[in-house]
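The listed protein sequences derive, respectively, from chains Y and F.
Residue 194, in the working numbering, is where the first sequence stops; the numbers in between run on with no holes.
Residue 194, in the working numbering, is where the second sequence stops; the numbers in between run on with no holes.
For each residue, glycine too, the CB sits at the ideal point set by N, CA and C.
Protein chains: 2
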Amino acid sequence: MDSRHELEHEKMESAKDKVIGAISETMDLYGLTRSAGKLYATMYFEDEMTLDEMRQELSMSKPSMSTSVRKLQEIEMVKKVFRRGSRKDVYVAEKNFFRSFMVFYCQMWDREVKMNMEAIHQAQKELSELIEDTNTSKETRQEAQEHYDLLERSKTYYLWLEKLVASIRNEEIFEFLPKPDQNELNHKNS
Amino acid sequence: MDSRHELEHEKMESAKDKVIGAISETMDLYGLTRSAGKLYATMYFEDEMTLDEMRQELSMSKPSMSTSVRKLQEIEMVKKVFRRGSRKDVYVAEKNFFRSFMVFYCQMWDREVKMNMEAIHQAQKELSELIEDTNTSKETRQEAQEHYDLLERSKTYYLWLEKLVASIRNEEIFEFLPKPDQNELNHKNS
DNA sequence: AAAAACGTTAAGAATTTATTTAATAAATTT
DNA sequence: AAATTTATTAAATAAATTCTTAACGTTTTT
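See the structure below:
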């Protein structure tokens, strides 16, 4: 009876491990280390976890769990929740991948747009000075102009990326690309 | 006259460096190292470059350039081009950020969907066996069912991601979110 | 108030990743 | 064919990251 139960448990773990492996392997896309990915994937199958439970489950140190969990919180893949009774901190994984997608990419793309637009702005200012300075040699002026135009054209992309972020935040993107409903799943299940 | 030219050059480099810095800093999003990012950003301002020019420009070794360039080629941010006359390999940077966006994210998201869908499929098979086995204990069966359902729901996301990739590949996404034209840029230029 | 539990920080060890130098292979020129 | 040029591979070194143990500060319990 006990070995029976043991067997069930093993099979369940084996099933979970397949998904945990895949998730943590693709987590590099989100700038996470393998262990942080594994931690998230583990939490994905649990209601909630404390640091000690994580440490035990992954056989790693508590500070390790602490830092991984913080990184996961930064991209909102994990939230701290309040549980009266337990004085340990309790964490839950975000199980809605749509939300994870939104938070992560909006965060990243915003950063990309902001940083690069700022740099472009500054660079263009300097290039303009070169172009407008009558002492500038002909060759230099031409090169400056070419770089200026290249940067100017690139703004199109950043502007577009900004609009993409907005359409994700306000969920308009789901009008263009609806979330599939459960029925659409089956014919994928061959 | 010569110091004049020196000054122009310095200002040009300073302008470029602002953008190069910003690009290489945001390149971590694309899983590139700082140096690979810097290399790409440097090439962005050049028509074409040989390994030796890269090495000189970044003051790094040639094997280093070789590996960075290969990584950049993998995500199609750099292409090798044929130039008769020169027997060195000649590379050019992809300057169209839209294309870089498409290639990179489609590649990554495809990988994510493929890996995870496959894992889900296998895991669900095992979970089904547990659920259908009449010897399985009640608690185990319930847990297996919960995990099964969780995985089933997650497919919605992967299916959506797949559609997103498709709409990027066939450019339908630009009907929903048009690329801004040059005119729209100016009011951003405050 | 003392002791215990908890999470985090700090410091050091271990592993991994990136970079360089040296060696090799392939191609081109003389 | 020998010598030179070019890119890549291999081995060694350097640098950066990740992880652990130990120490700290805070909160809670007794």
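The count of Cβ pairs closer than 8 Å, one atom from the stretch 58–74 of chain F and one from the stretch 102–119 of chain F, stays below three, leaving the stretches out of contact. Taking the Cα of W164/F as reference, the smallest distance to any Cα among A170/Y, Y161/Y, E10/Y and N100/Y is reached at N100/Y.
If you draw a 10 Å sphere on the C-beta of Q186/F, you find fewer than 16 other C-beta atoms in it, and that means exposed.
Chain Y places no beta carbon closer than 8 Å to that of E10/F, leaving this residue out of the contacts. For K15/F, the enclosing alpha helix (DSSP H) covers residues D6 to T30. Taking C-beta atoms as the reference points, L62/Y and T37/Y fail to come closer than 8 Å. Apart from sequence neighbours up to five positions away, the residues of its chain that approach K42/F with a beta-carbon distance below 6 Å are S28, ordered along the chain. For S18/Y, the closest Cβ of chain F is nearer than 8 Å. Between L181/F and S171/Y, the gap from beta carbon to beta carbon is short of 8 Å. Residues of chain F whose Cβ lies closer than 7 Å to the Cβ of Q126/Y are, in chain order, K22. With fewer than 16 other Cβ atoms from the protein chains shown falling within 10 Å of its own Cβ, S7/F counts as exposed. For A127/Y, the closest C-alpha among the options E10/F, G25/F and M53/F is that of G25/F.
Residues of the same chain with their beta carbon placed closer than 8 Å to that of Q146/Y are lacking, with the five preceding and five following residues left out of the count. With a cut-off of 8 Å on Cβ pairs, the stretch 133–143 of chain F is in contact with the stretch 8–15 of chain Y, counting three or more such pairs. Counting every other CB atom within 10 Å of its CB across the protein chains shown gives E143/Y a total below 16, marking it as exposed. Contact between D32/Y and G35/F holds, since their C-beta atoms are separated by about 7 Å, short of 8 Å. Close CB contacts of D51/Y within its chain, under the 8 Å cut and outside five residues either way in sequence, are with V96 (chain order). Relative to V23/Y, the option among I177/F, K159/F and F178/F whose CA is nearest is K159/F. Annotation: Cβ neighbours of T30/Y in chain F (cutoff 8 Å, chain order): R115, E116, M119 and N120. Note that the C-beta distance between T54/F and V82/F is not below 8 Å. Of the candidates E80/Y, W113/Y and I177/Y, E80/Y places its Cα closest to the Cα of E98/Y. Counting along the chain, the unbroken beta strand (DSSP E) around Y95/Y starts and ends at V94 to A97. Shortest Cα-Cα distance from D114/F to any of I124/F, V169/F and S141/F involves V169/F. Assignment of T71/Y by DSSP, reduced to helix, strand and coil, places it in the helix class. Under the Cβ criterion of 8 Å, G41/F is not counted among the residues facing chain Y. Neighbourhood of Y161/F in chain Y, by CB distance below 7 Å: F101 and F102, in chain order.
Taking C-alpha positions only, P184/F is separated from Y162/F by approximately 29 Å. Counting only runs of at least 3 residues, the stretch 116–180 of chain Y fully encloses no beta strand (DSSP E) element at all. Against chain F, a Cβ distance below 8 Å from A97/Y picks out nothing, because the smallest value is about 11 Å.
A straight line joining the alpha-carbon of A40/Y with that of Q60/Y spans about 15 Å. Rounded to whole angstroms, the Cβ separation of K20/F and F49/F is 5 Å, and the two are in contact under 8 Å.
With respect to T30/F, M119/Y sits close: the two C-beta atoms are nearer than 8 Å.
Going by C-alpha positions, R91/F is about 51 Å away from F178/Y.
Interface with chain F (8 Å Cβ-Cβ cutoff): S158/Y is included. With a threshold of 16 other beta carbon atoms within 10 Å, V117/Y meets it and is buried.
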